[in-house]
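If you read the protein sequences in the order shown, they are chains F and D.
Numbering of the first sequence is given in the working numbering, commencing with residue 2 and proceeding in unit increments.
Numbering of the second sequence is given in the working numbering, commencing with residue 144 and proceeding in unit increments.
Here the structure comes first, spelled out in structure tokens, and everything after it is commentary.
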Amino acid sequence: MQVLPPPPPAVTAPAPDRSASTVDEVRVAAALTDARVMVDSGFRGASIVLYGAVFNPSDTPADVVVVVRGPDAPVRLVKKTRNMGVWLNSRPVLFEGAPGFYMTASTRPLGDIAEFGQLRRLGVGLDHLRINAPEESRTVTRYGVKDVVVSRLGEDYLDWRRAVIRLREAAALYNGDPDGVEFVDEGLFRAEVELPTVAPTGKYFAEVWLFQEGEPVSVSNLTLTVEKVGLERDIYEFAHRRPWSYGILCVVLAAFTGWGASRVFRRE
Amino acid sequence: MDIYLPIAEVSVNWPLLVLLGAAVGFVSGLFGIGGGFLMAPILIFLGIPPSVAVASQASHVVASSTSGVISYAGQKAIDFRIGAVMAGGGILGALLGVELFRYLRLLGQADLAVALSYLLFLGAIGVLMLYESLGQILRRVRGEVTPHKERRRPLWLYGLPLRMRFPRSGLYISAIPPFALGTFAGVLSAIMGVGGGFILVPAMLYILRMKAGVVVGTSLFQIIVTTAMTTILQAGRNQTVDIVLSTILLLGGVVGAQYGARLSGRFRAEELRAVLGLIVLLVGIQMGLELFVRPSELFALAPGAVD
Numbered sequence: 002m003q004v005l006p007p008p009p010p011a012v013t014a015p016a017p018d019r020s021a022s023t024v025d026e027v028r029v030a031a032a033l034t035d036a037r038v039m040v041d042s043g044f045r046g047a048s049i050v051l052y053g054a055v056f057n058p059s060d061t062p063a064d065v066v067v068v069v070r071g072p073d074a075p076v077r078l079v080k081k082t083r084n085m086g087v088w089l090n091s092r093p094v095l096f097e098g099a100p101g102f103y104m105t106a107s108t109r110p111l112g113d114i115a116e117f118g119q120l121r122r123l124g125v126g127l128d129h130l131r132i133n134a135p136e137e138s139r140t141v142t143r144y145g146v147k148d149v150v151v152s153r154l155g156e157d158y159l160d161w162r163r164a165v166i167r168l169r170e171a172a173a174l175y176n177g178d179p180d181g182v183e184f185v186d187e188g189l190f191r192a193e194v195e196l197p198t199v200a201p202t203g204k205y206f207a208e209v210w211l212f213q214e215g216e217p218v219s220v221s222n223l224t225l226t227v228e229k230v231g232l233e234r235d236i237y238e239f240a241h242r243r244p245w246s247y248g249i250l251c252v253v254l255a256a257f258t259g260w261g262a263s264r265v266f267r268r269e
Numbered sequence: 144m145d146i147y148l149p150i151a152e153v154s155v156n157w158p159l160l161v162l163l164g165a166a167v168g169f170v171s172g173l174f175g176i177g178g179g180f181l182m183a184p185i186l187i188f189l190g191i192p193p194s195v196a197v198a199s200q201a202s203h204v205v206a207s208s209t210s211g212v213i214s215y216a217g218q219k220a221i222d223f224r225i226g227a228v229m230a231g232g233g234i235l236g237a238l239l240g241v242e243l244f245r246y247l248r249l250l251g252q253a254d255l256a257v258a259l260s261y262l263l264f265l266g267a268i269g270v271l272m273l274y275e276s277l278g279q280i281l282r283r284v285r286g287e288v289t290p291h292k293e294r295r296r297p298l299w300l301y302g303l304p305l306r307m308r309f310p311r312s313g314l315y316i317s318a319i320p321p322f323a324l325g326t327f328a329g330v331l332s333a334i335m336g337v338g339g340g341f342i343l344v345p346a347m348l349y350i351l352r353m354k355a356g357v358v359v360g361t362s363l364f365q366i367i368v369t370t371a372m373t374t375i376l377q378a379g380r381n382q383t384v385d386i387v388l389s390t391i392l393l394l395g396g397v398v399g400a401q402y403g404a405r406l407s408g409r410f411r412a413e414e415l416r417a418v419l420g421l422i423v424l425l426v427g428i429q430m431g432l433e434l435f436v437r438p439s440e441l442f443a444l445a446p447g448a449v450d
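What follows is the structure in structure tokens.
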């Protein structure tokens, strides 16, 4: 079941514009308080602080946007529909890849920082999250526009997409906080990354974007690893590598406990 | 006081789970049942994924049935011969049931299968038990004599081949009906995570007409074999057995079961059956209700994406 962490999402952002005449370039640098999150028996989620500095010699105000993505995994979604008075599940729809964790934190609402097209291109914001279209999709020319993605979901596609985001938001896996980036001092900012207990294990990618007048001017990339450690990892790996021996062990343990209990209670 | 479950990948309050295990164990000891049908809905309610809940509690049923079987074996109240035939059916049923459950999960219809099985089987059994036990209580209150039931098996039981002698049960019948009964219980154990005692016991009493004294012990023996098989298959095929979860449930469960069993002697059998019938019926209705009530969230994530 454990899949290898997928490669980082292709961020097709252009290199930040740096004109040759600018000596003091606008830059952002960032780091995480903890680049490894260990999941053990006491794991109840984790809170990691991302902090950084903005070098902004110009007079133009800059906005910071932090994006953290968890490992991609396929998502299967069903919709309940009413058939003859009974609520039944539809056939599941497979979304090829959606990040297992996604959060944005910014200094202002994303819509005020950059234009729709820019955010969509960078894949920044829950509305612009890249969730690959369902498997049955095909591209056609419609209303003179080429490459329109249609699937058997048809017009409902947006509903399904929104449902993925809504369900993940409810599980605290997706989150967009418009005031998540807090400036503690001139040029010094911090943002909190809250990982819930259900956060998937694997490699996480954090991007810290610096926007000026709606344009990305600098980006800093960080990685974060969430992994099971100790007994938890041993059990998980045992259950997945040697599933049959694990099952037999479970049964033996259960039978032994039952036998032990009956011995203890008979003596009393 | 929270503990992270490595397979379910959620964190739960472990004292609450121990108490839950003890409460279900108490009920199972009191009524002489596995208690699986109570455990699965509560675990799901606590936020444990249904597939993990159903698979992990099967091993809880193994433990509570083991301590039951040991005490019944001491009283020589188990017919191992017919139990072996039924267990053979149970193994076949577990194989079929786990594959069926896997297929339904991929179709996204596992919820429906679980809800429907609970509604149909628990609903029907609950109504029957209530009807029968309330009738008996009413007759006792009115001072009427319980009409003597005809101890006659359905005639078709005699027409089948492969007849075997089961001296302890007082039977000389074909091996096919007990085998089929075991298979059916095996399928249920995979889909509902239950031992199937609530189906087995009435069927053994009223259809096979086994001697009443050996019915419960023999059914527990069959349940151990079936649920052990289910646990191994769920672990091997679906990797959904959480050993930490089942161990926590066991700790409370075995203790609760012993106290339940001690207390059961203080009540009349038909009163116990009436209460159990009511519980069974309520759980069945509760699980089936989701089929008829408009859900607050129309979409749901289906498991099995990574399979």
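C-beta atoms are modelled at their ideal positions from N, C-alpha and C, and glycine is treated no differently.
No experiment lies behind these values; they were computed from the predicted model shown.
Val357(D), enclosing alpha helix (DSSP H) - first and last residue: The residue given as residue 357(D) occupies position 214 in the second sequence. The continuous alpha helix (DSSP H) containing Val357(D) extends over residues Ala355 to Leu376.
Buried or exposed by the 16-neighbour rule on C-beta atoms within 10 Å, applied to Phe435(D): Here residue 435(D) is taken as the residue at index 292 of the second sequence, counted from 1. In the assembly as shown, Phe435(D) is an exposed residue. Its beta-carbon has fewer than 16 other beta-carbons within 10 Å.
For Met307(D), the three-state DSSP class (helix, strand or coil): Your numbering for residue 307(D) matches position 164 in the second sequence. Strand at Met307(D).
Own chain, CB closer than 7 Å to Ser171(D), minus 5 neighbours either side, in chain order: Translated into the one-based positions of the second sequence, residue 171(D) becomes position 28. Here the set comprises Gly177, Gly178, Ser207, Ala400 and Gly403.
Below-9 Å beta-carbon distance, Ala400(D) vs any chain F residue: As a working note, residue 400(D) is residue 257 in the second sequence. Interface residue (Cβ-Cβ distance to chain F less than 9 Å): Ala400(D) is classified as such.
Spatially closest choice to Leu238(D) from Gly325(D), Gln429(D) and Leu351(D), by CA coordinates: As a first step, residue 238(D) is located in the second sequence; it is residue number 95 there, counting from the start. Selected option, being the one with the closest Cα: Gly325(D).
Environment of Pro158(D) [buried if 16+ CB atoms lie within 10 Å]: Here residue 158(D) corresponds to residue number 15 of the second sequence, with the count starting at 1. Exposed, since its Cβ has fewer than 16 Cβ neighbours within 10 Å.
Cβ shell of Leu305(D) (< 8 Å), same chain only, five flanking positions each side left out: On the second sequence, residue 305(D) is found 162 positions in, with the first residue counted as 1. Around Leu305(D): Ser317, Ala318 and Ile319.
Residues bridged to Pro100(F) (per DSSP): Against the first sequence, residue 100(F) aligns to sequence position 99. Residue pairing by DSSP places Pro100(F) opposite Asp73(F) in a beta bridge.
is_contact[Leu394(D), chain F] using C-beta, thresh 9 Å: Taking the second sequence and counting its residues from 1, one reaches residue 394(D) at position 251. For Leu394(D), at least one C-beta of chain F is nearer than 9 Å to its own C-beta.
Identity of the residue in Val384(D), Arg416(D) and Glu414(D) nearest Glu152(D) by Cα: Here residue 152(D) refers to the residue found at position 9 of the second sequence. Selected option, being the one with the closest Cα: Val384(D).
Between the CA atoms of Phe102(F) and Val149(F) - distance to the nearest angstrom: Taking the first sequence and counting its residues from 1, the one referred to as residue 149(F) is at position 148. Taking the first sequence and counting its residues from 1, the one referred to as residue 102(F) is at position 101. In this prediction, Val149(F) has a pLDDT of 48, which is less than 50 and means its spatial position is unreliable; what the coordinates show is noted afterwards. For the pair Val149(F) and Phe102(F), the Cα-to-Cα distance works out to about 27 Å.
Cα-Cα separation between Arg245(D) and Ala323(D), rounded to whole angstroms: The sequence position of residue 245(D) within the second sequence is 102, counting from 1. The sequence position of residue 323(D) within the second sequence is 180, counting from 1. In this structure, the alpha-carbon of Arg245(D) lies about 22 Å from that of Ala323(D).
Exposure of Asp73(F), with buried meaning 16 or more beta-carbon neighbours within 10 Å: For the purposes of this step, residue 73(F) is identified with residue 72 of the first sequence, where counting begins at 1. Taking all protein chains shown into account, Asp73(F) has 16 or more neighbouring C-beta atoms within 10 Å of its C-beta and is therefore buried.
Within chain D, the residues that Val252(F) reaches when beta carbons sit closer than 8 Å: Within the first sequence, the letter at position 251 stands for residue 252(F). Within 8 Å Cβ-Cβ: Ser202, Val205, Ala371, Thr374 and Ile375.
Separation of Ser312(D) from Gly98(F), as counted between CA atoms: The residue you call residue 98(F) lines up with position 97 of the first sequence. The residue you call residue 312(D) lines up with position 169 of the second sequence. So the two alpha carbons sit approximately 58 Å from each other.
Burial state of Gln218(D), where buried means 16 or more other Cβ atoms lie within 10 Å: Residue numbering aside, residue 218(D) sits at position 75 when the second sequence is read from its first letter. Residue environment: Gln218(D) is assigned as exposed (fewer than 16 neighbouring CB atoms within 10 Å of its CB, all protein chains considered).
Simplified DSSP state of Asp41(F), which is helix, strand or coil: Here residue 41(F) is taken as the residue at index 40 of the first sequence, counted from 1. Note: Asp41(F) maps to coil in three-state DSSP.
Cutoff 9 Å: Thr258(F) Cβ touching any chain D Cβ: Counting from one through the first sequence, the residue named residue 258(F) turns up at place 257. Chain D, which has a Cβ nearer than 9 Å to the Cβ of Thr258(F), makes this yes.
Contact set between Gly251(D) and chain F, taken where Cβ atoms lie within less than 8 Å: Reading the second sequence from its first residue, position 108 is the one you call residue 251(D). The answer, in chain order, is Arg77, Val79, Asn90, Ser91, Arg92 and Pro93.
Per-residue DSSP class, three states only, for Asn57(F): Within the first sequence, the letter at position 56 stands for residue 57(F). Reduced to three states, the DSSP call for Asn57(F) is coil.
Proximity winner among Phe44(F), Thr82(F), Asp113(F) and His129(F), relative to Arg70(F) (alpha-carbon distances): Reading the first sequence from its first residue, position 69 is the one you call residue 70(F). The shortest CA-to-CA distance from Arg70(F) to any of Phe44(F), Thr82(F), Asp113(F) and His129(F) is the one to His129(F).
For Arg121(F), the nearest candidate out of Gly261(F), Ser42(F), Asn57(F) and Glu216(F) (CA to CA): Here residue 121(F) corresponds to residue number 120 of the first sequence, with the count starting at 1. Of the listed residues, the one whose Cα sits closest to Arg121(F) is Glu216(F).
Validate contact between the stretch 217-236 of chain F and the stretch 339-348 of chain D using beta carbons, cut 8 Å, 3 pairs: No, the stretch 217-236 of chain F does not touch the stretch 339-348 of chain D.
Rounded straight-line distance, which links the Cα of Leu271(D) to that of Met144(D): Taking the second sequence and counting its residues from 1, one reaches residue 144(D) at position 1. Taking the second sequence and counting its residues from 1, one reaches residue 271(D) at position 128. Straight across, the Cα-Cα distance linking Met144(D) with Leu271(D) is about 42 Å.
Nearest to Thr34(F) (by Cα), restricted to the options Ala106(F), Val265(F), Arg191(F) and Phe56(F): Taking the first sequence and counting its residues from 1, one reaches residue 34(F) at position 33. Comparing Cα-Cα distances from Thr34(F) to each of Ala106(F), Val265(F), Arg191(F) and Phe56(F), the minimum goes to Arg191(F).
Asp1(F) vs Ser107(F) beta-carbon contact at 9 Å: Here chain F has residues from 2 to 269 only, and residue 1(F) is not among them.
Exposed unless 16 or more other CB atoms sit within 10 angstroms - verdict on Leu358(D): In the second sequence, the residue the question calls residue 358(D) occupies position 215. Note on residue identity: the sequence assigns Val, not Leu, to residue 358(D). With 16 or more other Cβ atoms within 10 Å, it is buried.
Residue-level contact to chain D via CB, Thr226(F), 9 Å cutoff: What you label residue 226(F) is simply residue 225 of the first sequence in a count that begins at 1. Closer than 9 Å: no.
Interface flag, Leu168(F) vs chain D, CB-CB below 9 Å: Taking the first sequence and counting its residues from 1, one reaches residue 168(F) at position 167. It does: the Cβ of Leu168(F) has a partner Cβ on chain D nearer than 9 Å.
Residue range of the beta strand (DSSP E) that includes Gln213(F): One-based indexing of the first sequence puts residue 213(F) at position 212. Run containing Gln213(F): Gly203 to Gln213, per the beta strand (DSSP E) assignment.
Length of the line joining the Cα atoms of Arg264(F) and Val38(F): The residue labelled residue 264(F) in the question sits at position 263 within the first sequence. The residue labelled residue 38(F) in the question sits at position 37 within the first sequence. One C-alpha to the other measures close to 43 Å.
Own chain partners of Ser154(D) with C-beta closer than 6 Å, once the 5 adjacent residues on each side are dropped: The count along the second sequence starts at 1 and reaches residue 154(D) at position 11. Within its own chain, the residues whose Cβ lies closer than 6 Å to the Cβ of Ser154(D), once the five positions on either side in sequence are excluded, are Asp145 and Tyr147, listed in chain order.
Rounded C-alpha distance that separates Ser202(D) from Ser332(D): Looking up residue 202(D) in the second sequence gives position 59. Looking up residue 332(D) in the second sequence gives position 189. Answer to the nearest angstrom: the Cα atoms are 11 Å apart.
Beta-carbon gap between Thr373(D) and Ala198(D) smaller than 9 Å: Locating residue 373(D) in the second sequence gives position 230, counting from the first residue. Locating residue 198(D) in the second sequence gives position 55, counting from the first residue. Yes.
Residues, ordered as in the chain, of the stretch 36-61 of chain F that lie near chain D by beta-carbon distance below 9 Å: Residues Val40, Asp41, Ser42, Gly43, Phe44, Arg45 and Gly46.
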